[in-house]
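K.L.:
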Amino acid sequence: RKEVEQDPGPFNVPEGATVAFNCTYSNSASQSFFWYRQDCRKEPKLLMSVYSSGNEDGRFTAQLNRASQYISLLIRDSKLSDSATYLCVVNMEGPDGQNFVFGPGTRLSVLP
Amino acid sequence: DGGITQSPKYLFRKEGQNVTLSCEQNLNHDAMYWYRQDPGQGLRLIYYSQIVNDFQKGDIAEGYSVSREKKESFPLTVTSAQKNPTAFYLCASSMGGLPGKLFFGSGTQLSVL
Chain P
32 RKEVEQDPGP FNVPEGATVA FNCTYSNSAS QSFFWYRQDC RKEPKLLMSV YSSGNEDGRF
92 TAQLNRASQY ISLLIRDSKL SDSATYLCVV NMEGPDGQNF VFGPGTRLSV LP
Chain V
18 DGGITQSPKY LFRKEGQNVT LSCEQNLNHD AMYWYRQDPG QGLRLIYYSQ IVNDFQKGDI
78 AEGYSVSREK KESFPLTVTS AQKNPTAFYL CASSMGGLPG KLFFGSGTQL SVL
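Line by line, the protein sequences give chains P and V. Mind the numbering: the first sequence is residues 32 to 143 in the working numbering, read in order. Mind the numbering: the second sequence is residues 18 to 130 in the working numbering, read in order.
So this is what it looks like as structure tokens:
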């Protein structure tokens, strides 16, 4: 079983749609959680950190369920500019430092 | 402006040649990382360093080498032992401790001639 798994995608949605991405992680000792956005042939950029209480940033809402080892990202009112690959990232601090584990990503295409 | 600078943006390697990818950061971050990304795939960890003069192998270290002589610099050498080096290489850094956000350079695309 992979350490971090995501919806395989791609997701093709019309402008204005609401879309949800799911991510599961296998290591229950994981300590911090993130969603990154990556455009084609560019570096990943931090979209949101994910907290147990859930957090919202404009059209984006992230949720964490530690008991189920599950993270989600909801995008409301999709824009063309939201088209990208969304990466789920899990971090755990150990004796050798921090260990960031990336999911394979879910690609989103928002269509006019 | 603070950030991470990777160079070159594109690099071509001949058979049997070693090539070095540069990564410099002025964020005063302790930890630095090298990742490899193949088309349509996620990021895989090659090497990481938590402190100057110390580094650890990641999941796919074979055929690669690194050094960390200065806090700001973490160059990656792709050796001739790496038989399939064509990929997008990303350097990242983070401040120690949690939550530990990663900041990335703009990447180097390495191709084999």
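For every residue, glycine included, the Cβ atom is placed at its ideal position computed from N, Cα and C.
1. Please report how far the alpha carbon of Gln58(V) lies from the alpha carbon of Glu86(V), in whole angstroms.
2. Using the Cα positions of Pro45(P) and Asp113(P), report the straight-line distance between them to the nearest angstrom.
3. Going by alpha carbons, who is nearest to Leu104(P) out of Leu139(P), Asn122(P) and Gly125(P)?
4. Does Gly59(V) come within less than 7 Å of chain P when only Cβ atoms are used?
5. List, in chain order, every chain V residue whose beta-carbon is nearer than 9 Å to that of Leu139(P).
6. Judging by CA-CA distance, which residue of Phe121(V), Leu130(V) and Val129(V) is the nearest neighbour of Lys76(P)?
7. Taking Cβ positions only, does Phe91(V) come closer than 7 Å to chain P?
8. Since Pro75(P) meets chain V, which of its residues come closer than 7 Å, beta carbon to beta carbon?
9. I want to verify the contact list: residues of chain P whose CB lies under 8 Å from the CB of Phe105(V), in sequence order.
10. Using the beta-carbon of each residue, which ones in chain P are nearer than 9 Å to Ala48(V)?
11. Less than 7 Å between CB atoms is the rule here; does Ser57(P) satisfy it with respect to chain V?
12. Under 6 Å Cβ to Cβ from Val81(P), same chain only, skipping five residues before and after it: list those, please.
13. Measure the C-alpha to C-alpha separation of Arg30(V) and Val129(V) and round it to an integer number of angstroms.
14. May I ask you to verify whether the segment 20 to 38 of chain V touches the segment 69 to 76 of chain V, counting CB pairs closer than 8 Å and requiring at least 3?
15. Of all the CB atoms in chain C, is at least one closer than 7 Å to the CB of Phe52(P)?
16. Going by beta carbon distance, what residues of the same chain come within less than 6 Å of Gly136(P), once the five residues before and after it are set aside?
17. Taking Cβ positions, are Gly47(P) and Gln67(V) nearer each other than 7 Å?
18. Cα separation between Met123(P) and Asn35(V)?
19. Tell me the rounded alpha-carbon separation between Pro41(P) and Val95(V).
20. Taking the beta strand (DSSP E) that Asn130(P) falls in, what are its first and last residues?
P.N.:
Taking the coordinates as given:
1. 31 Å
2. 11 Å
3. Leu139(P)
4. yes
5. What Leu139(P) touches in chain V: nothing, since even the nearest Cβ is about 14 Å away.
6. Phe121(V)
7. no
8. Phe121
9. Arg72
10. Gly128 and Gln129
11. no
12. Phe64, Ala93, Leu95 and Ile102
13. 5 Å
14. no
15. The displayed structure is made up of protein chains P and V, and chain C is not among them.
16. Thr116 and Leu118
17. Contact flag unset, no.
18. 33 Å
19. Per the coordinates, the alpha-carbon of Pro41(P) lies some 32 Å from the alpha-carbon of Val95(V).
20. Gly128 to Phe133
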